[in-house]
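All remarks here apply to the structure that follows.
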Amino acid sequence: MILSAPAVDPAELEARTGWSVKPQGACKGDVCVPLPAGPLTASVLSERLGMPLLHDEEHGLWALGPETGLTGRALTTAEAPDLVLPTADGEPFALRSLRGSKVLLVAWASW
Amino acid sequence: MALDTGGADAARRWIEMAAPAHPSLIDQGHVLDELFGIVNVPSGVWIDEAGMIVRPPEPAFPGPPVFADMPVPEGLPPVLAETLAEAQKIKIEPERYVAALRSWVATGAHALSADEVVARSAPRSVAEAEAAASFELGQHLHRAGEVAAAQRWFRQAHRLAPDNWTYRRQAWSMVDRNQGRTDVYEGSWLDDVRAIGAENYYAPLDL
């Protein structure tokens, strides 16, 4: 997740990483990690969720990487994330809209 | 879902040629790599009716790739002929994969438990998470036209996650469409596949 300031918008965090901020803490699927009171910042998430925080000083950017230390795997939960991606025409498409059907998600590339 | 830093412009012509009946989406930020642990393409993820992943990413060829039995075209530059020969050694099992997929759709076979799905997803060490953040910075800067800065972050991602083909192939392709040797990056598709052995390019299907 790319940031230009230390503060993190919870809605943006959820859309990009699947972690939602709830009263019990940061949650993904059935996993919840308590958060301290106060503003949500990249350094708090980095410390609590094991997310590496990289800084590109020259360009004034930070990148918050994915969580570590919870399962040791790329997936923290088997619950599919609420992913929204555009079609080639730029129309947003929500993975959730396919609920009720079996889904084969295929990742490919032009390169 | 097309994992393409080039976005719709890079993927559109392939989508139009395939004219799929299913949704075809563009993942310009390689978000899927990070969220699902995708490290090469094509990769397939199975998701059930309730939105639960029942198989994490695994090689997902719908049929034999076009290069599988392709004779070496006359006059092909030697490096491309060698690349084609190496690609033909890659172990791919489309028939098994498609049969398993059909079986899952019809009967629910091959679905894994939630614990097994997580356990079978790609390893995520701190170095691999830092690689994801580095790659994202590289992509962001590349799109902003900061090519040299982007390449520094891409090189860092490659060092931190040497098993991630997606990070390497995407970055290589921005410099050389054939993913050959350049002065910008260490390695190339041909050299790196030879180094690990073509038969290890994709993880074996564990159905």
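Quick note, the sequences are listed as chains H and L, same order. Heads up: the first sequence begins at 4 in the working numbering, then just goes up one per residue. Heads up: the second sequence begins at 2 in the working numbering, then just goes up one per residue. Ideal Cβ placement from N, Cα and C applies to all residues, glycine included.
List the whole-angstrom C-beta distance separating residue i from residue j, where the pair is believed to meet the contact cut-off of C-beta under 8 angstroms.
{"i": "Glu-59 of chain L", "j": "Ala-199 of chain L", "result": "The pair is not a contact, with the Cβ atoms about 18 angstroms apart (cut-off 8 angstroms)."}
{"i": "Glu-17 of chain H", "j": "Ser-23 of chain H", "result": "5 angstroms"}
{"i": "Pro-9 of chain H", "j": "Ser-46 of chain H", "result": "7 angstroms"}
{"i": "Val-67 of chain L", "j": "Leu-191 of chain L", "result": "At roughly 18 angstroms, the Cβ-Cβ gap does not stay under 8 angstroms, so Val-67 of chain L and Leu-191 of chain L are not in contact."}
{"i": "His-143 of chain L", "j": "Ala-151 of chain L", "result": "4 angstroms"}
{"i": "Trp-105 of chain L", "j": "Ala-112 of chain L", "result": "6 angstroms"}
{"i": "Ala-40 of chain H", "j": "Ser-122 of chain L", "result": "The Cβ separation is near 33 angstroms, so there is no contact."}
{"i": "Arg-169 of chain L", "j": "Gly-188 of chain L", "result": "7 angstroms"}
{"i": "Leu-206 of chain L", "j": "Glu-94 of chain L", "result": "5 angstroms"}
Which residues in chain H have a C-beta closer than 7 angstroms to the C-beta of residue i? List them in chain order.
{"i": "Arg-156 of chain L", "result": "Chain H residues near Arg-156 of chain L: none, gap ~14 angstroms exceeds 7 angstroms."}
{"i": "Arg-170 of chain L", "result": "Trp-114"}
{"i": "Pro-43 of chain L", "result": "Val-109, Ala-110, Trp-111"}
{"i": "Ser-104 of chain L", "result": "Chain H residues near Ser-104 of chain L: none, gap ~12 angstroms exceeds 7 angstroms."}
{"i": "Met-18 of chain L", "result": "Under the 7 angstroms cutoff, chain H gives no residues; its nearest Cβ is about 11 angstroms from Met-18 of chain L."}
{"i": "Trp-15 of chain L", "result": "Ser-113"}
{"i": "Leu-33 of chain L", "result": "Ala-110"}
{"i": "Arg-125 of chain L", "result": "Pro-69, Thr-71, Gly-75, Arg-76, Ala-77"}
{"i": "Ala-61 of chain L", "result": "Val-109"}
{"i": "Glu-147 of chain L", "result": "His-62"}
{"i": "Ala-115 of chain L", "result": "Ala-81"}
Looking only at DSSP bridge pairs, what is residue i linked to?
{"i": "Thr-44 of chain H", "result": "H:Ala-10"}
{"i": "Gly-21 of chain H", "result": "Answer is none; Gly-21 of chain H lacks a bridge partner."}
{"i": "His-62 of chain H", "result": "His-62 of chain H is not bridged to any residue."}
{"i": "Ala-97 of chain H", "result": "H:Val-87"}
{"i": "Ala-110 of chain H", "result": "L:Ser-44"}
{"i": "Glu-82 of chain H", "result": "L:Met-53"}
{"i": "Pro-124 of chain L", "result": "H:Arg-76"}
{"i": "Ile-27 of chain L", "result": "L:Ala-3"}
{"i": "Val-34 of chain H", "result": "H:Lys-31"}
{"i": "Ile-5 of chain H", "result": "H:Ala-66"}
{"i": "Leu-57 of chain H", "result": "H:Ala-66"}
CA-CA distance, residue i and residue j?
{"i": "Asp-83 of chain H", "j": "Ala-133 of chain L", "result": "At residue 83 of chain H the sequence reads Ala, which differs from the Asp that was named. Taking the straight line from one Cα to the other gives about 19 angstroms."}
{"i": "Phe-37 of chain L", "j": "Pro-57 of chain L", "result": "7 angstroms"}
{"i": "Trp-47 of chain L", "j": "Ala-19 of chain L", "result": "21 angstroms"}
{"i": "Met-53 of chain L", "j": "Gly-181 of chain L", "result": "39 angstroms"}
{"i": "Pro-42 of chain H", "j": "Ala-11 of chain L", "result": "39 angstroms"}
{"i": "Lys-92 of chain L", "j": "Val-185 of chain L", "result": "30 angstroms"}
{"i": "Gly-21 of chain H", "j": "Leu-73 of chain H", "result": "15 angstroms"}
{"i": "Gly-45 of chain L", "j": "Ala-128 of chain L", "result": "24 angstroms"}
{"i": "Leu-4 of chain L", "j": "Glu-35 of chain L", "result": "11 angstroms"}
{"i": "Pro-43 of chain L", "j": "Glu-83 of chain L", "result": "22 angstroms"}
{"i": "Trp-65 of chain H", "j": "Arg-97 of chain L", "result": "43 angstroms"}
{"i": "Ala-101 of chain L", "j": "Asp-85 of chain H", "result": "26 angstroms"}
{"i": "Ile-22 of chain L", "j": "Arg-19 of chain H", "result": "The sequence given here has Ala at residue 22 of chain L, not Ile. Approximately 27 angstroms, taken between the alpha carbons."}
{"i": "Pro-69 of chain H", "j": "Pro-74 of chain L", "result": "44 angstroms"}
{"i": "Cys-35 of chain H", "j": "Ser-49 of chain H", "result": "15 angstroms"}
{"i": "Leu-6 of chain H", "j": "Arg-14 of chain L", "result": "32 angstroms"}
{"i": "Glu-147 of chain L", "j": "Trp-114 of chain H", "result": "21 angstroms"}
{"i": "Phe-62 of chain L", "j": "Met-2 of chain L", "result": "14 angstroms"}
{"i": "Trp-111 of chain H", "j": "Ser-174 of chain L", "result": "14 angstroms"}
{"i": "Met-71 of chain L", "j": "Val-194 of chain L", "result": "19 angstroms"}
{"i": "Gly-28 of chain H", "j": "Pro-55 of chain H", "result": "19 angstroms"}
{"i": "Tyr-202 of chain L", "j": "Arg-51 of chain H", "result": "35 angstroms"}
{"i": "Pro-87 of chain H", "j": "Gly-76 of chain L", "result": "For the record, residue 87 of chain H in the displayed sequence is Val; it is not Pro. One C-alpha to the other measures close to 45 angstroms."}
{"i": "Leu-85 of chain L", "j": "Arg-178 of chain L", "result": "14 angstroms"}
{"i": "His-62 of chain H", "j": "Gly-53 of chain H", "result": "24 angstroms"}
{"i": "Asp-164 of chain L", "j": "Gln-157 of chain L", "result": "13 angstroms"}
{"i": "Trp-154 of chain L", "j": "Pro-65 of chain L", "result": "35 angstroms"}
{"i": "Gln-89 of chain L", "j": "Leu-108 of chain H", "result": "25 angstroms"}
{"i": "Arg-103 of chain L", "j": "Pro-26 of chain H", "result": "42 angstroms"}
{"i": "Ser-126 of chain L", "j": "Val-99 of chain L", "result": "31 angstroms"}
Determine the chain L residues that contact residue i at a beta-carbon separation under 8 angstroms, and present them in chain order.
{"i": "Leu-6 of chain H", "result": "What Leu-6 of chain H touches in chain L: nothing, since even the nearest Cβ is about 10 angstroms away."}
{"i": "Leu-78 of chain H", "result": "Phe-37, Gly-38, Ile-54, Pro-57, Val-118, Val-119, Ser-122"}
{"i": "Asp-59 of chain H", "result": "Leu-138, Leu-142, Ala-150, Trp-154"}
{"i": "Arg-99 of chain H", "result": "Gly-52"}
{"i": "Ala-66 of chain H", "result": "Ala-134, Ser-135, Glu-137, Leu-138, His-141"}
{"i": "Leu-43 of chain H", "result": "What Leu-43 of chain H touches in chain L: nothing, since even the nearest Cβ is about 18 angstroms away."}
Whose Cβ in chain L lies nearer than 7 angstroms to the Cβ of residue i?
{"i": "Asp-15 of chain H", "result": "Note on residue identity: the sequence assigns Glu, not Asp, to residue 15 of chain H. Those within 7 angstroms of Glu-15 of chain H in chain L number zero; the least Cβ separation is about 13 angstroms."}
{"i": "Pro-89 of chain H", "result": "Leu-26, Ile-27"}
{"i": "Thr-74 of chain H", "result": "Val-119"}
{"i": "Leu-48 of chain H", "result": "What Leu-48 of chain H touches in chain L: nothing, since even the nearest Cβ is about 12 angstroms away."}
What in chain H is Cβ-close to residue i, meaning under 9 angstroms?
{"i": "Phe-68 of chain L", "result": "Within 9 angstroms Cβ-Cβ: nothing; Phe-68 of chain L doesn't reach chain H, min ~15 angstroms."}
{"i": "Val-46 of chain L", "result": "Ala-83, Val-106, Leu-107, Leu-108, Val-109, Ala-110"}
{"i": "Ser-174 of chain L", "result": "Ala-112, Ser-113, Trp-114"}
{"i": "Gly-7 of chain L", "result": "Ser-113, Trp-114"}
{"i": "Glu-187 of chain L", "result": "Within chain H, no residue comes near Glu-187 of chain L; the closest Cβ sits about 18 angstroms away, beyond 9 angstroms."}
Could you name the residues of chain H that residue i contacts, counting a contact when the two beta carbons are closer than 8 angstroms?
{"i": "Glu-50 of chain L", "result": "Arg-102, Gly-103, Ser-104, Lys-105"}
{"i": "Leu-4 of chain L", "result": "Ala-110, Trp-111, Ala-112"}
{"i": "Glu-131 of chain L", "result": "Pro-55, Leu-57, Gly-68"}
{"i": "Ala-100 of chain L", "result": "By Cβ distance, chain H contributes nothing, its closest Cβ being about 14 angstroms from Ala-100 of chain L, past 8 angstroms."}
{"i": "Ala-11 of chain L", "result": "Ser-113, Trp-114"}
Would you mind telling me which residues of chain L sit closer than 9 angstroms to residue i, beta carbon to beta carbon, in chain order?
{"i": "Gly-21 of chain H", "result": "Leu-36"}
Subject >> Ranges of the alpha helix (DSSP H) found wholly within the segment 50-114 of chain L, counting only runs of at least 4 >> reply: Note on the segment 50-114 of chain L: whole alpha helix (DSSP H) runs with a minimum of 4 residues are 79-88, 95-108, in chain order.
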